[in-house]
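S.K.: Attaching a single structure in structure tokens format; questions to follow.
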Amino acid sequence: MTNKTKSTAYDVIITFGTKIIVLFGSFIVSVILARLLGPEGKGIVTAIFVIPNILMTAADLGVRQASAYYIGRGYYSTKDIVSSLLSLWVITSVLTMLIATIYYSFGSAQTYGWGLLSIALMTIPLNLLFKYFRGVLQGNQKIGSINVSELIRFIVNLSGVIILVWLLNLDVFGAVLVQFLMAFIVVIYSAFIIKQITTIRFNFDTQILKSLFSKGVTFALALFILTLNYRVDIIFLEHMTNSEQVGIYSVGTTLAELIWQLPAAIGLVLFARSANSRSSKSAIFRAVKLLRFSFNALFFLCLLFWALAPLAIDILYGQDFSESSNVIRLLLPGVLAMVIVKILHPDLAARGFPLYSFWVFLSPLIFNTILNFIFIPEYGYIGAAITSTVTYIIGSVCFLIVYAKKENIKLNDMIILKKDDYKDIASMIKKFKWR
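Note that the working numbering has the sequence shown beginning at 4, numbered continuously upward.
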């Protein structure tokens with residue numbers, strides 16, 4: 004294995020380890036929150052943040068990835084990118100908050116009240132700025148700093164839930180306030196790290212903004228279409244069922260999507276590596292090898308998770324959430340299939356081809372929307388879970404075929420482990436031990 008491959012493997016392992024720590028802690032937070040709020044309260048918190056999360060994906064404009072791309076490729080300096088990002092951040096924050104406010108005015112304000120919704124609105128500019136700063140860190144390959152920011156989010160989340168929701172008994176209001184505190188503190192930390200790299204100042208550079216926007220839009224379209232595929236079911240559930248069903252479904256999706264933590268760690272490192280790579284061949288080789296490793300490992304993990312889902316739900320969340328185990332079991336095949344996209348999309352995007360995901364997942368999104376509209380009124384969260392799995396599988400298989408055709412790779416070579424892979428795994432473990 005080359006030094007770069009070892010470095011990639013090391014970053015993946017450290018990033019995955021960080022995510023495991025965060026997830027283990029987040030389990031505790033999730034259990035505490037679910038038991039304190041119940042299915043209805045959990046559903047309210049989920050529903051309040053669905054639209055801000057979707058809008059932030061669109062308002063991101065792909066700028067995070069575009070920033071990492073331009074910094075990694077050396078087209079612009081970090082200083083110029085940061086100053087332009089701050090100007091863009093002001094514009095996107097105002098527009099996104101305005102759109103979210105208009106949406107809340109049509110029903111949500113009467114249901115949840117402007118007190119809760121105002122806090123949710125204030126998280127938008129903070130989370131947007133964190134996204135932009137994260138792109139700068141990624142372009143500079145500051146993977147360690149990104150991992151630290153994740154740990155900080157977890158610590159604030161845990162302490163916030165314990166103090167505000169449990170000890171002070173602030174209920175849903177406390178849970179929403181915790182989201183604001185997490186966003187605020189990680190922005191402060193990210194700004195501190197970036198100040199060590201370059202100066203932070205506002206500068207409206209039209210050329211850089213134009214470049215960020217033109218490249219970023221392609222990233223944004225891809226991420227927006229993928230996010231809608233993940234979250235359109237929650238929107239339908241919110242309007243067609245009740246808060247309890249949303250709460251049960253959200254617990255099921257949260258646990259099922261834990262499978263994505265390994266590919267998320269890989270995707271984070273892959274994007275940084277591929278953006279800085281001068282050879283497409285090495286980037287493709289790296290991505291496909293990591294896909295083989297992770298897909299096969301997660302296949303067996305999914306089987307174990309499927310068998311233990313009812314027991315896990317009963318122990319962690321109690322009988323009120325027992326139906327969430329059915330959601331997990333129905334989602335797992337689709338969640339496993341999406342591992343393909345979670346790993347290959349960052350590689351393609353970092354090499355300048357993000358729109359492949361957009362075109363591949365446009366049809367599954369339409370299909371997803373139609374099936375949700377048909378099945379949710381009749382079957383509730385069960386219909387949403389089935390719909391998600393079907394469309395995840397369709398989209399993932401199509402994406403795998405498109406990637407294989409574009410890069411001239413056999414499908415078997417992308418999924419089935421090779422003899423050399425086993426040697427690489429043993430070598431990587433041995434070298435990591437001595438690192």
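Where a beta carbon is used, it is the ideal one built from N, C-alpha and C, also for glycine.
1. Could you pull out every residue in the same chain whose Cβ sits closer than 6 Å to the Cβ of G445, ignoring the five residues on either side in sequence?
2. Look at L261 and C305 and say whether their C-beta atoms are less than 8 Å apart.
3. Can you tell me which of the three DSSP states I16 falls into?
4. Can you name, in chain order, every residue of its own chain whose Cβ lies under 6 Å from the Cβ of K1, other than the five neighbours on each side?
5. For Y451, does the three-state DSSP call read helix, strand or coil?
6. Considering only residues of the same chain and omitting the five flanking positions on each side of F30, which have a CB-CB separation below 8 Å?
7. Is the CB-CB distance between A178 and V190 below 8 Å?
8. What number of angstroms, rounded off, separates the C-alpha of D350 from the C-alpha of I287?
9. Mind checking which residues open and close the alpha helix (DSSP H) that includes T372?
10. Could you check what DSSP says for Q144 in three-state terms: helix, strand or coil?
11. For chain B, check one thing: does any of its Cβ atoms lie closer than 8 Å to the Cβ of K421?
12. For the segment 232–252 and the segment 98–107, state whether three or more C-beta atom pairs, one from each stretch, are separated by less than 8 Å.
13. Ignoring anything shorter than 3 residues, give me the beta strand (DSSP E) runs that lie fully in the segment 38–70, in order along the chain.
14. Give the range of the alpha helix (DSSP H) segment to which W309 is assigned.
15. Secondary structure at S328, three-state DSSP: helix, strand or coil?
16. Determine the extent of the alpha helix (DSSP H) in which N415 is found, giving its start and end residues.
17. So the alpha helix (DSSP H) F183 belongs to, where does it begin and stop?
M.R.: Let me spell this out:
1. Since the first and last residues shown for the chain are 4 and 438, residue 445 lies out of range.
2. No, these two residues do not count as a Cβ contact at 8 Å.
3. The DSSP-derived three-state label of I16 is helix.
4. Only positions 4 to 438 of the chain appear in the structure, and residue 1 is not among them; the question remains open.
5. Outside the displayed range of the chain (4 to 438) lies residue 451, so it cannot be described from this structure.
6. L319.
7. No, the Cβ-Cβ distance between A178 and V190 is not below 8 Å.
8. 7 Å
9. L358 to Y382
10. Here Q144 sits in coil by DSSP.
11. As a matter of chain content, chain B is missing from the structure shown, which is built from one protein chain.
12. no
13. Correct list: empty.
14. S283 to L319
15. helix
16. L414 to I418
17. D174 to I200
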